[in-house]
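If you count the sequence shown from 1, position 262 lands on 261 in numbering that gives the first Met the number 0, and the numbers rise without skipping.
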Amino acid sequence: MSTPKVAPATEAAAPVLSVNNIEVVYDHVILVLKGVSLEVPRGGIVALLGANGAGKTTTLKAISNLLHAERGEVTKGSILFDGIEVQSMSNDLVRRGCIQVMEGRRAFPHLTIEENLLTGAFTRKDGKSAITQDLERVYAYFPRLRERRGSTAGYTSGGEQQMCVIGRALMSCPKMILLDEPSMGLAPQIVQEIFEIVKDLNVKEGVSFLLAEQNTNMALKYASHGYILENGRVVMDGEARALAANEDVKEFYLGVAGDRRKSFRDVKHYKRRKRWLG
Ligand code: ATP
């Protein structure tokens with residue numbers, strides 16, 4: 000393993016994550032992220048917003064060093080987690096406290112909920128009793144998982160599987176969780192329940208979150224800051240409350256046209272688009 004590069008000054012107030020002007024290319028030619036910068040303050044919840052294909056998942060995978068498996072590469076810029084360049088950490092990132100919860104609730108379907116949770120502790124070396132204690136801690140946050148601990152994960156509900164993958168991430172004792180589309184395909188009530196638990200983990204355990212979401216409304220309720228991605232660029236960022244009140248955000252991401260969410264593509268206001276990008 001290569002020696003991690005440590006940034007010169009790691010002050011107490013330094014962000015837990017800082018992404019600086021990164022560019023990501025797939026297959027050597029497909030430029031997907033173009034100069035993306037963002038920060039997650041220590042103990043913060045930050046939302047990464049944007050439509051399908053905007054580049055949210057690519058950003059998270061760049062941070063967690065998972066692009067190689069997809070023939071992707073960070074070709075410019077830098078990513079610091081806890082003051083250390085992530086690219087110099089190879090597969091040490093989880094042990095250092097940064098873990099990604101993938102889109103699509105990827106629980107191991109043939110394992111029980113409890114077995115799934117225990118797989119999350121594989122990077123730990125602090126012994127069985129500490130792990131058992133943390134399992135109890137996960138069950139305290141997710142009482143539904145305690146009830147379903149012996150059930151085969153593949154036969155549990157979508158909400159329970161989402162809770163299971165977040166619980167599994169918690170078993171690695173993370174400082175930060177990169178959470179990809181936790182609301183996808185879930186009923187609003189379950190989404191709310193999951194976001195409440197995220198908030199709880201943030202407040203009580205001090206876990207920082209970078210939350211990639213298409214559900215702008217919900218994400219901005221729980222985050223303190225948000226970044227909006229479009230076509231691989233950050234087109235706007237700001238305090239969550241200010242973003243939720245912003246006319247453009249309301250129109251493009253919070254507005255509803257009939258029974259369907261308006262998308263940026265549906266909007267013909269050229270002037271507004273110019274203002275947005277300007
Ligand atoms: P979604 O909500 O659908 O996951 P997203 O905002 O997370 O969207 P990404 O999955 O990061 O977006 O995709 C951004 C762009 O990169 C898309 O145009 C997508 O087609 C492209 N892309 C993603 N993965 C690859 C890959 N492995 N090879 C080539 N292009 C890719």
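C-beta: ideal position from N, C-alpha, C; glycine also.
Gln160 counts as buried, since no fewer than 16 other beta carbons sit within 10 angstroms of its beta carbon. Secondary structure at Asp247: helix, using DSSP grouped into helix, strand and coil.
When distances are taken from the beta-carbon of Asn51 to the heavy atoms of ligand 1, the shortest one is below 6 Å. A contact is defined here as three or more CB-CB pairs under 8 Å, and the stretch 175-194 fails this definition with respect to the stretch 127-140. Taking the Cβ of Tyr25 as the reference point, at least one heavy atom of ligand 1 falls within a distance shorter than 6 Å. With a cutoff of 6 Å, Ile29 counts as near ligand 1, since its C-beta is closer than that to a heavy atom of the ligand. Glu180 sits in coil when the DSSP states are folded into three classes, being neither helix nor strand.
According to DSSP, Glu38 shares a beta bridge with Ser17. DSSP, reduced to helix, strand and coil, places Gln160 within a helical segment of the structure shown. Close CB contacts of Arg41 within its chain, under the 7 Å cut and outside five residues either way in sequence, are with Pro14, Val15, Ser207 (chain order). For Glu38, the CB contacts under 6 Å within the same chain, skipping 5 residues up- and downstream, are Pro14, Ser17 in chain order.
For Gly54, the CB falls within less than 6 Å of some heavy atom of ligand 1.
Check the Cα spacing between Leu79 and each of Leu66, Ile62, His67, Asp91: the tightest is with Ile62.
The closest heavy atom of ligand 1 lies less than 6 Å from the beta carbon of Glu69. Secondary structure of Val100 (DSSP, three-state): strand.
Membership of Asp91 in any beta strand (DSSP E) is not indicated, and neither H nor E is assigned to it by DSSP.
By the Cβ-count criterion, Leu228 is buried, with 16 or more other Cβ atoms from all chains shown falling within 10 Å of its own Cβ. The closest heavy atom of ligand 1 lies less than 6 Å from the beta carbon of Thr57.
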